[in-house]
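**Student:**
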Amino acid sequence: MTPSENDSDRSRPVRRRALVIGGVAAAAGATAFGVGAVIGSGRGAEPSAGPTGPATTPAETPTASASATATPSEATTPTPTPTPGIDLAANPVDDPASVWVVVNKLRTLSPVDYVPADLVYPDVSYVNRQPMRQATADALVSLFSAASTEAGLSLAVQSAYRSYDTQVSVYAGWVSTRGQAGADATSARPGHSEHQTGWAVDVVGASGACALEICWGDTAEGQWVGANAHRFGFLVRYKPDATPITGYESEPYHLRYVGTELAQYLHDQGIETLERLFGLPDAPDYAAGTTG
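Here this note's numbering is used: the first residue of the sequence shown is 12, the next is one more, and so on.
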């Protein structure tokens, strides 16, 4: 996630991110809601949240392998804290097709060029028109609709699924402007991005105010999303005080779909990260030898 780039550092000054957008049209206002048809072929997607990397065009989308797994970089895994009412073994955390997959700086997607099998374009407003998994799309439509009807707010998709090749370009763009250490605080190296799973989406206000910035969390849209995302199965993945665990700066706009049951549980218990929930090692940095 990039995170998106699509990430404690919560006292940092607001950072503005230059966007890598090919032919981006600003989205404004609420749109009709409903999920679009499954995309035909489209392995790539336009990069977003990268500062200077070139936009990419969709390439052929292979069918995802049923045996795809995310490979932890750590040999041992701590035992998760018991969670009454939640079966933490219900969904695997190593399979990128799983709604509970955990991908971070220590956990690489496997295969590294994994592509979700059910990418769709929901009928919502976009800044960058990028697809996402069907379940993510369904939940996002409901979230956008509620934001409009309950609070009079208009939201738009800034970025969603990004292919491995697109993430290569996005990450390289950040390295070119911030150096590798700066890039690693903001952008995932290829094969380590939640966006590649199709379970992550970056949302912004239709006005574009504070888009992809820490200050988005202080906007009316950001406040509403932060308080209500769990109702629709989303986790704000990179919280202000979780940088030592996730390795990323605060991203109040980066939503990770985990399903309504788990999202509600995380909210009720005050658990901010998937790493803590599943008893996984903190991932503040990449393992030695990890390339980007």
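Just so it is clear, CB atoms sit at the ideal spot from N, CA and C, and this is done for glycine as well.
Just so you know, these numbers come straight off a predicted model, no measurement behind them.
Under 8 Å: do the region 207-215 and the region 142-153 share three or more Cβ pairs, one atom per stretch?
**Tutor:** Short answer: they touch.
**Student:** Taking just the CA atoms, how far does His-278 sit from Gly-96?
**Tutor:** Within the sequence shown, numbered from 1, the residue matching residue 96 stands at position 85. Within the sequence shown, numbered from 1, the residue matching residue 278 stands at position 267. Taking the straight line joining both Cα atoms gives about 14 Å.
**Student:** Quick check: the Cα distance between Ser-170 and Asp-98, rounded to an integer number of angstroms?
**Tutor:** Indexing the sequence shown from 1 puts residue 170 at position 159. Indexing the sequence shown from 1 puts residue 98 at position 87. Approximately 31 Å between the Cα atoms of the pair.
**Student:** Using 8 Å as the Cβ pair cut-off and three pairs as the minimum, do the region 259-274 and the region 241-251 touch?
**Tutor:** Judged by Cβ distances under 8 Å, the region 259-274 makes contact with the region 241-251, as three or more pairs qualify.
**Student:** Could you have a look at Ala-86 and say whether DSSP puts it in helix, strand or coil?
**Tutor:** For the purposes of this step, residue 86 is taken as residue 75 along the sequence shown, with counting starting at 1. Confidence is the limiting factor: at Ala-86 the pLDDT is only 43, short of 50, which leaves the residue's position unreliable, though a coordinate-based value still follows. Coil.
**Student:** In whole angstroms, what separates the C-alpha of Val-168 from that of Val-152?
**Tutor:** Looking up residue 168 in the sequence shown gives position 157. Looking up residue 152 in the sequence shown gives position 141. Each residue's Cα considered, the two are about 11 Å apart.
**Student:** Please determine if the region 199-207 and the region 112-127 are in contact, where contact requires at least 3 C-beta pairs separated by less than 8 Å.
**Tutor:** Judged by Cβ distances under 8 Å, the region 199-207 makes contact with the region 112-127, as three or more pairs qualify.
**Student:** For Pro-201, does the count of other Cβ atoms within 10 angstroms reach 16, so buried, or fall short, so exposed?
**Tutor:** The sequence position of residue 201 within the sequence shown is 190, counting from 1. Classification for Pro-201: buried.
**Student:** Could you check the C-alpha separation between Pro-142 and Cys-226 for me, to the nearest Å?
**Tutor:** Taking the first residue of the sequence shown as 1, we reach residue 142 at position 131. Taking the first residue of the sequence shown as 1, we reach residue 226 at position 215. Taking the straight line joining both Cα atoms gives about 26 Å.
**Student:** Whole angstroms are fine: how far does the CA of Gly-300 sit from the CA of Tyr-264?
**Tutor:** Against the sequence shown, residue 264 aligns to sequence position 253. Against the sequence shown, residue 300 aligns to sequence position 289. Approximately 30 Å, taken between the alpha carbons.
**Student:** Measure from the alpha carbon of Val-131 to the alpha carbon of each residue in Arg-173, Ala-238 and Val-215, then state which is nearest.
**Tutor:** By one-based count along the sequence shown, residue 131 stands at place 120. That would be Arg-173, whose Cα lies nearest to the Cα of Val-131.
**Student:** Who are the near neighbours of Ala-196 in its chain, counting only those whose CB is closer than 7 Å to its CB and skipping five residues on each side?
**Tutor:** Residue mapping note: residue 196 aligns to position 185 of the sequence shown, counting from 1. Closer than 7 Å at the Cβ level, and outside the excluded window around Ala-196, lie Tyr-259 and Glu-260.
**Student:** May I ask you to list the residues that DSSP assigns as paired with Ser-170?
**Tutor:** As a working note, residue 170 is residue 159 in the sequence shown. Note: Ser-170 sits in a beta bridge opposite Asp-213.
**Student:** So the candidates are Ala-194, Phe-155, Pro-122 and Val-236; which of them puts its Cα closest to the Cα of Asp-296?
**Tutor:** Sequence index remark: in the sequence shown, residue 296 carries index 285 (1-based). Comparing Cα positions, the closest option is Ala-194.
**Student:** Taking the alpha helix (DSSP H) that Arg-248 falls in, what are its first and last residues?
**Tutor:** Reading the sequence shown from its first residue, position 237 is the one you call residue 248. First-last for Arg-248: 245-249, but that is the beta strand (DSSP E), not the alpha helix (DSSP H).
**Student:** Around the Cβ of Glu-262, are there at least 16 other Cβ atoms within 10 angstroms (buried) or fewer (exposed)?
**Tutor:** Reading the sequence shown from its first residue, position 251 is the one you call residue 262. Under this definition Glu-262 is a buried residue.
**Student:** Name the DSSP bridge partner or partners of Arg-242?
**Tutor:** For the purposes of this step, residue 242 is taken as residue 231 along the sequence shown, with counting starting at 1. Its beta-bridge partners do not exist; DSSP assigns none.
**Student:** Does the distance from the C-beta atom of Ala-217 to that of Ser-165 stay below 8 Å?
**Tutor:** Translated into positions along the sequence shown, residue 217 becomes position 206. Translated into positions along the sequence shown, residue 165 becomes position 154. Contact flag set, yes.
**Student:** Bridge partners for Leu-130 per DSSP, in chain order?
**Tutor:** Position 119 of the sequence shown, counted from the first residue, corresponds to residue 130. Answer by DSSP bridge pairing, in chain order: Arg-144.
**Student:** From Leu-291 to Gln-178, what does the alpha carbon distance come to, in whole angstroms?
**Tutor:** By one-based count along the sequence shown, residue 291 stands at place 280. By one-based count along the sequence shown, residue 178 stands at place 167. So the two alpha carbons sit approximately 24 Å from each other.
**Student:** Where does Ser-5 sit, in a helix, a strand or coil, going by DSSP?
**Tutor:** Within the shown structure, residues of the chain are numbered from 12 to 303, placing residue 5 beyond reach of any answer.
**Student:** Since Tyr-276 is in the alpha helix (DSSP H), which residue starts that stretch and which ends it?
**Tutor:** Locating residue 276 in the sequence shown gives position 265, where the first residue counts as 1. Element bounds for Tyr-276: 271-280.
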